[in-house]
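Student: Got a structure for you, written out below as structure tokens; questions coming shortly.
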Amino acid sequence: MNGSDEKAQVFNLPPVYNHVDKHGVFPEVAHDETARFNFLTSLNRHLDAVVKPGNKIAFDKRIKPLFQSAKGRDFGTVNEVRAAMNQDPHYQMWGSLKRSAQEMAQQAARSLVLRQIESLADKTRYYTSQRPETLQLDPALEIPSYLRMVDHGGLPGSYYTAYIPDDVANAAASDAITFVATGGKSGPYSDGKGKALATWLTANYPDFKPKRILDIGCGVGHNTLPLAIMYPEATVIGLDVSAPMLRYGHARSVSLGVTNVQFIQANGEELPFEDDSFDWVQSTMVLHETSISAMQTIIQELYRVLSPNGLMLHIEQAQYTPGTSLFDEFTQDWDTFNNNQPFEGVMHRMNKADWMKSAGFQERDLLQFGILPENDTNTDRLPVKQNVFGAWKK
């Protein structure tokens, strides 16, 4: 301290990486790798909480006045905002750092898992052998074109690529850096969204007791297992097109002792289940990685397999409203243009109510609410609520 009356600045740092909860198939992380992840986690938190707010200041103080002076009017489209902001040095700095941080995280995770790719496969086989009947893979399944066209989120090879027999490298890499990407806000098991959703549902609909739950696009099961834990009498099925994700997620669930969950390789556009066979169908941050045509097929399939009085929920991108400012649209479209998420901007602009009603859901039965992922204790900004929408099938 310098002895002045200045108040000391308080920094809200993310939890350190060595406190991440490990399961049986989690990759072994060396000292230097832990230090690297700690740096990247703190960098992401700093960029989000300290540097990013400067973009709005730059817009209000520099970009908007210059545009108004040159054009004699205000911005008319989000594309005009994007073109102007792309020339601003502060935004360029933030965007470059954010993209670089993501690429560094992918590189760090990739070097971590590739040096132990064989041992990860061995550990996966060990846990799979303990409960082989709860993992169903389909080697003939075709990966949808919208996943093949881009490495979503910058993950090299995307979610589905396998390099050796029984490979789980990309799944392990995804698991290892989820904590980094979220700044630890989703908890030590990166399951905060699933926990929050199950907590909300039990609090608001205590009499809802689903016996069969379907989680499409489950990935490694971060947000699938909380559903199985909160509803121990239910059978929970995690479905995904990626064999590496399912192998890893299944082994993870076995090592954590969650016994009422199954993992099945299939496409959400062609669900291998009978009509009216699930009480609850849901997804977590999946739909924005599909396409318009896929979403139309998926909603029809979800409605088909959902039983009467059943519930559909999706944690997904919020829909822009007439009150959404052009600057906010521009900001929320960042991943569309810079993080290999080409469909995300479309999701922001899609009318979710019309999408659900097109399958047969009724207006009176639609739901939309926000949840706060458990463990989101970052006090240097307002808590970030996750958008949830869905419907009851009556």
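Per our numbering, the sequence shown starts with residue 149, numbered consecutively.
The C-beta atom is built at its ideal place from N, Cα and C for all residues, glycine as well.
Only a predicted model underlies this, so the values are computations on that prediction, with no experimental measurement involved.
1. What is the C-beta distance between V429 and L454, in whole angstroms, given that I count them as a contact (C-beta under 8 Å)?
2. Report yes or no: do the segment 169 to 177 and the segment 258 to 273 share at least 3 C-beta pairs separated by less than 8 Å?
3. Give a yes or no on contact between the segment 193 to 210 and the segment 231 to 238, applying the rule of three or more CB pairs nearer than 8 Å.
4. Could you give the residue range of the beta strand (DSSP E) that holds I312?
5. Consult DSSP for P175 and reduce its assignment to one of helix, strand or coil.
6. Determine the direct distance from the alpha carbon of W503 to that of E511, and round the result to whole angstroms.
7. What span of residues does the beta strand (DSSP E) with I519 cover, start to end?
8. Where do the ends of the beta strand (DSSP E) carrying N535 lie?
9. Under 7 Å Cβ to Cβ from D153, same chain only, skipping five residues before and after it: list those, please.
10. Does DSSP put T383 in a helix, in a strand, or in coil?
11. Under DSSP, the alpha helix (DSSP H) around M241 begins and ends at which residues?
12. Do you know whose CA, among V226, D314 and A319, lies nearest Y274's CA?
13. When you compare only the Cα positions, how much space is there between R210 and S217?
14. Let me confirm a value: Y396 is counted as buried when at least 16 other C-beta atoms fall within 10 Å, else exposed. Which label applies?
15. Measuring only the C-alpha atoms, how far is L530 from G518?
16. For D169, count the other beta carbons within 10 Å of its own beta carbon; 16 or more makes it buried, fewer makes it exposed. Which is it?
17. Apart from the five residues just before and just after G538, which ones in its own chain have a Cβ nearer than 7 Å to its Cβ?
18. Going by beta-carbon coordinates alone, are V229 and F475 separated by less than 8 Å?
19. Given this structure, state the Cα-to-Cα distance separating Q465 from Q534, to the nearest angstrom.
Tutor: Let me spell this out:
1. Residue numbering aside, residue 429 sits at position 281 when the sequence shown is read from its first letter. Residue numbering aside, residue 454 sits at position 306 when the sequence shown is read from its first letter. Yes, they are in contact, since the Cβ atoms of V429 and L454 sit about 5 Å apart, within 8 Å.
2. yes
3. yes
4. Position 164 of the sequence shown, counting from 1, holds the residue named residue 312. It is not in any beta strand (DSSP E) - I312 carries neither H nor E in the DSSP assignment.
5. By one-based count along the sequence shown, residue 175 stands at place 27. Here P175 sits in coil by DSSP.
6. On the sequence shown, position 363 is the one that residue 511 refers to. On the sequence shown, position 355 is the one that residue 503 refers to. If you take the alpha carbons of E511 and W503, they lie about 11 Å apart.
7. Working through the sequence shown from its first residue, we reach residue 519 at position 371. Looking at the DSSP string, the run of the beta strand (DSSP E) that includes I519 is L514 to I519.
8. Working through the sequence shown from its first residue, we reach residue 535 at position 387. Residues Q534 to W540.
9. Along the sequence shown, one-based indexing puts residue 153 at 5. Since pLDDT at D153 reaches only 48, below the 50 mark, its modelled position is unreliable, and the value read off the structure follows with that caveat. Taken in chain order, the list of residues that qualify is empty.
10. Within the sequence shown, numbered from 1, the residue matching residue 383 stands at position 235. Three-state DSSP puts T383 in a strand.
11. Residue mapping note: residue 241 aligns to position 93 of the sequence shown, counting from 1. Unbroken alpha helix (DSSP H) run through M241: P237 to L262.
12. For the purposes of this step, residue 274 is taken as the residue at position 126 of the sequence shown. Checking every option, the nearest Cα to that of Y274 belongs to D314.
13. Sequence index remark: in the sequence shown, residue 210 carries index 62 (1-based). Sequence index remark: in the sequence shown, residue 217 carries index 69 (1-based). Those two C-alpha atoms are separated by around 11 Å.
14. As a first step, residue 396 is located in the sequence shown; it is residue number 248 there, counting from the start. Classification of Y396: buried, given that the 10 Å Cβ count is 16 or more.
15. Here the question's residue 530 lines up with position 382 in the sequence shown. Here the question's residue 518 lines up with position 370 in the sequence shown. A caution first: L530 carries a pLDDT of 38, below 50, which makes its placement in the model too unreliable to give a value.
16. As a working mapping, residue 169 is identified with position 21 in the sequence shown. Per the 10 Å Cβ criterion, exposed.
17. The residue given as residue 538 occupies position 390 in the sequence shown. Cβ within range, chain order: L459, M460, L461, H462 and L515.
18. Working through the sequence shown from its first residue, we reach residue 229 at position 81. Working through the sequence shown from its first residue, we reach residue 475 at position 327. Yes, they are a contact pair.
19. Numbered from 1 along the sequence shown, position 317 holds the residue referred to as residue 465. Numbered from 1 along the sequence shown, position 386 holds the residue referred to as residue 534. Each residue's alpha carbon lies about 8 Å from the other.
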